[in-house]
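Below you'll find the structure, written out as structure tokens, and then a few comments.
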Amino acid sequence: MNWLLFWLFLHAAGAIFAFGPALVFPIVGSLAAREPKYGHFAAEVNHAVERRLVLPVAASMLVSGVGLIIAGGFNLTRAPWLAAGIILYIIAMGIATGVLLPAGRRLVEATAGGPAPGGSDGPPPHVAALIKRTQVGGMILLAVLGVIIFLMVVK
């Protein structure tokens with residue numbers, strides 16, 4: 566069995582399954598902004614996908630990544646692109662678990678009562694702040710992931 570191909574397959578599949586769904590979060594958010602009555606549902610969906618799919622699969626990429634390093638005989642001192650990718654992965658997981666996951670949980674809690682009656686001009690300030698935090702954090706995370714993908718593919 567070719568272990569390098571095995572680990573490469575798992576790693577690539579993990580990237581697709583972990584980060585593909587995350588690209589849908591902004592779409593769900595923009596739909597919820599147009600229909601505030603669905604804001605809580607949108608927050609629940611995004612948070613559940615993040616907790617149950619994105620983060621567990623992204624965390625599993627640590628195992629497949631180590632398997633790739635071992636099977637490929639990579640030396641981190643001779644592969645600065647790989648060392649940089651690992652550091653960026655740690656940063657990305659920190660953003661996801663330390664910023665986005667708690668903000669998503671708080672957004673679910675904050676939207677539990679539904680939108681304010683009377684059709685106000687947008688969400689309350691604390692909800693707007695949480696939305697902004699997830700938007701900015703998500704953009705930073707996608708930029709970091711873009712750099713990681715570039716490093717892993719182009720080397």
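Start counting at 1 in the sequence shown, then tack on 565, and there's your number in the numbering used here.
Note that CB positions come from ideal geometry on N, CA and C, so glycine has one too.
Applying the criterion that 16 or more other CB atoms from any shown protein chain within 10 Å of the CB defines a buried residue, is residue i buried or exposed?
i      : result
His576 : buried
Pro682 : exposed
Phe639 : exposed
Asn567 : exposed
Ala677 : exposed
Ala693 : exposed
Gly604 : buried
Leu710 : buried
Spatial neighbours of residue i within its chain, please: C-beta separation below 7 Å, excluding the five flanking residues on both sides.
i      : result
Gly630 : His576
Thr699 : Leu665, Ala668, Gly669 and Leu672
Ile705 : Ile660
Val610 : Val593
Ala675 : His691, Val692 and Leu695
By how many angstroms is the C-alpha of residue j removed from the C-alpha of residue i?
i      : j      : result
Val593 : Phe582 : 18 Å
Trp646 : Lys720 : 6 Å
Ala598 : Val619 : 23 Å
Ile714 : Ala624 : 16 Å
Ala613 : Ala657 : 19 Å
Ala608 : Pro690 : 16 Å
Leu569 : Ala587 : 27 Å
Val701 : Ala708 : 11 Å
Phe584 : Arg616 : 13 Å
Ile651 : Ala644 : 11 Å
Lys697 : Val718 : 31 Å
Ile634 : Phe574 : 13 Å
Gly551 : Asp686 : Because residue 551 is not part of the residues shown, which for the chain are 566 to 720, the question remains open.
Do residue j and residue i count as a contact pair if the criterion is CB distance below 8 Å?
i      : j      : result
Leu672 : Leu695 : yes
Gly659 : Trp572 : no
Leu716 : Ala649 : yes
Gly703 : Phe606 : no
Val712 : Leu653 : yes
Lys602 : Pro688 : no
Tell me which residues share the same chain as residue i and place their Cβ nearer than 6 Å to its Cβ, disregarding the 5 neighbours each side in the sequence.
i      : result
Gly579 : Val622, Ser625, Met626 and Ser629
Ala636 : Trp568, Leu569 and Trp572
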